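Participant: Residue numbers (the working numbering): 601 to 845. Pasting a structure here, questions to come.
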């Protein structure tokens, strides 16, 4: 039997919209079954470790859950070019692990993002990394390791469950920015989803036309979650067209 502990975060300054406050609803689930997780995912929840969360901001609904329709997705010329440019980038798929290379790359990535986008930066500890990315993977959590020149240059945390694949988190070495590794990680997940006959790819929350979150629109066609359903309410997914949001 699953043990679920529910709590809410304090309202704080939003990381994406300067004039907004954000509040999160959390579940801490020790052993979350695949079926329950899939139900949460379909209702707009995300996962870090054993923590599942969904935004419940009082005055803002800009973060929208979306999912790419995998069968209908077609790689563009630019996306095919990204794949071609990474022919020498090795991909390893395995259960999440923790090594010194993981920690060094995570820290390097966030130091750059602190300077580039003013992200908060605190050096990662083994315990924090383990809690966020290794714990709670159950049977559905994986890491995609990208290696170039015998060096770890990217880590993608990914969940594969039911008819869906979900991007949990990605960090990379900005020294290899010319390889468009963020785009590559998404394309690899979509490619695997196609090969496995999965229906949906969940890239995380999307903010339309946002400088940091708007890029996800490039991986359509996709559906968006029109409502904010609770656990026993039916999610209302609708096909996205630029005129309806």
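Glycine is no exception: its CB is placed at the ideal position from the N, C-alpha and C atoms. No experiment lies behind these values; they were computed from the predicted model shown.
(1) Just how far apart, CA to CA, sit residue 708 and residue 696?
(2) Please tell me whether residue 758 and residue 772 are closer than 8 Å, where the distance is taken between their beta carbons.
(3) Since residue 789 is in the alpha helix (DSSP H), which residue starts that stretch and which ends it?
(4) Based on the DSSP secondary-structure assignment, which residues constitute the bridge partners of residue 747?
(5) Is residue 784 near residue 682, with beta carbons less than 8 Å apart?
(6) Would you mind giving the Cβ-Cβ distance between residue 819 and residue 673, rounded to the nearest angstrom? I have them listed as a contact below 8 Å.
(7) Can you give me the Cβ contacts of residue 650 inside the same chain, cut-off strictly under 8 Å, excluding the 5 residues immediately before and after it?
(8) Which residues does DSSP list as the beta-bridge partners of residue 624?
(9) Just list the beta strand (DSSP E) runs in the region 696 to 730, keeping only unbroken ones of 3 residues or longer that don't cross its boundaries, in chain order.
(10) Might you give, ordered along the chain, the residues of its own chain that have their beta carbon closer than 6 Å to the beta carbon of residue 805, omitting 5 neighbours on each side?
(11) Can you tell me the Cα-Cα spacing of residue 760 and residue 774, whole angstroms?
(12) Do residue 798 and residue 765 have their C-beta atoms closer together than 8 Å?
(13) What residue does the alpha helix (DSSP H) around residue 637 start on, and which one ends it?
(14) Where residue 824 and residue 675 are concerned, what is the direct C-alpha to C-alpha distance, given to the nearest angstrom?
(15) Helix, strand or coil: how does DSSP classify residue 815 here?
(16) Answer with buried or exposed for residue 715, where buried requires no fewer than 16 other C-beta atoms within 10 angstroms of its C-beta.
(17) Considering only the beta carbon of each residue, do residue 754 and residue 790 sit closer than 8 Å?
(18) Compare the Cα-Cα distances from residue 779 to each of 748, 619, 610 and report the closest residue.
(19) For residue 833, which residues of its own chain have a beta-carbon under 7 Å away from its beta-carbon, when the five flanking residues on both sides are left out?
(20) Please state if the CB of residue 800 and the CB of residue 711 are separated by a distance shorter than 8 Å.
(21) Bridge partners of residue 758, per DSSP?
Facilitator: Let me lay it out:
(1) Residue numbering aside, residue 708 sits at position 108 when the chain shown is read from its first letter. Residue numbering aside, residue 696 sits at position 96 when the chain shown is read from its first letter. About 19 Å.
(2) Sequence index remark: in the chain shown, residue 758 carries index 158 (1-based). Sequence index remark: in the chain shown, residue 772 carries index 172 (1-based). Result no, Cβ atoms of residue 758 and residue 772 do not sit closer than 8 Å.
(3) Stepping through the chain shown from its first residue, residue 789 is reached at position 189. From DSSP, the alpha helix (DSSP H) with residue 789 extends over 781 to 796.
(4) Position 147 of the chain shown, counted from the first residue, corresponds to residue 747. As DSSP reads the structure, residue 747 sits in a beta bridge with 690, 752.
(5) Your numbering for residue 784 matches position 184 in the chain shown. Your numbering for residue 682 matches position 82 in the chain shown. Cβ atoms of residue 784 and residue 682: closer than 8 Å.
(6) By one-based count along the chain shown, residue 819 stands at place 219. By one-based count along the chain shown, residue 673 stands at place 73. About 7 Å separates the two Cβ atoms, so the contact holds.
(7) Position 50 of the chain shown, counted from the first residue, corresponds to residue 650. Closer than 8 Å at the Cβ level, and outside the excluded window around residue 650, lie 628, 629, 630, 632, 731, 735, 736.
(8) Taking the first residue of the chain shown as 1, we reach residue 624 at position 24. For residue 624, which the question treats as bridged, DSSP gives the partners 655.
(9) none
(10) As a working mapping, residue 805 is identified with position 205 in the chain shown. Excluding residues within five positions, the ones whose Cβ falls inside 6 Å are 663.
(11) Position 160 of the chain shown holds residue 760. Position 174 of the chain shown holds residue 774. Within the model, the alpha-carbon separation for residue 760 versus residue 774 is close to 27 Å.
(12) Numbered from its first residue, the chain shown carries residue 798 at position 198. Numbered from its first residue, the chain shown carries residue 765 at position 165. Yes; because the gap between Cβ atoms is below 8 Å, this pair is in contact.
(13) Here residue 637 refers to the residue found at position 37 when the chain shown is read from its first residue. First-last of the alpha helix (DSSP H) with residue 637: 634 to 642.
(14) Counted from its first residue, the chain shown places residue 824 at position 224. Counted from its first residue, the chain shown places residue 675 at position 75. Straight-line Cα distance between these residues: approximately 20 Å.
(15) Here the question's residue 815 lines up with position 215 in the chain shown. If DSSP states are grouped into helix, strand and coil, residue 815 belongs with the helices.
(16) The residue given as residue 715 occupies position 115 in the chain shown. Looking at its Cβ environment, which holds fewer than 16 other Cβ atoms inside 10 Å, residue 715 is exposed.
(17) The sequence position of residue 754 within the chain shown is 154, counting from 1. The sequence position of residue 790 within the chain shown is 190, counting from 1. Not a contact, by the Cβ cut-off of 8 Å.
(18) The residue you call residue 779 lines up with position 179 of the chain shown. Looking at the Cα atoms, 748 is the closest of the given residues.
(19) Position 233 of the chain shown, counted from the start, is the residue given in the question as residue 833. The answer is none, since no qualifying residue turns up.
(20) Start at 1 with the first residue of the chain shown, and residue 711 comes out as number 111. Start at 1 with the first residue of the chain shown, and residue 800 comes out as number 200. It is not a contact, given that the beta carbons lie outside the stated cut-off.
(21) Against the chain shown, residue 758 aligns to sequence position 158. Beta-bridge pairing links residue 758 to 742, 767.
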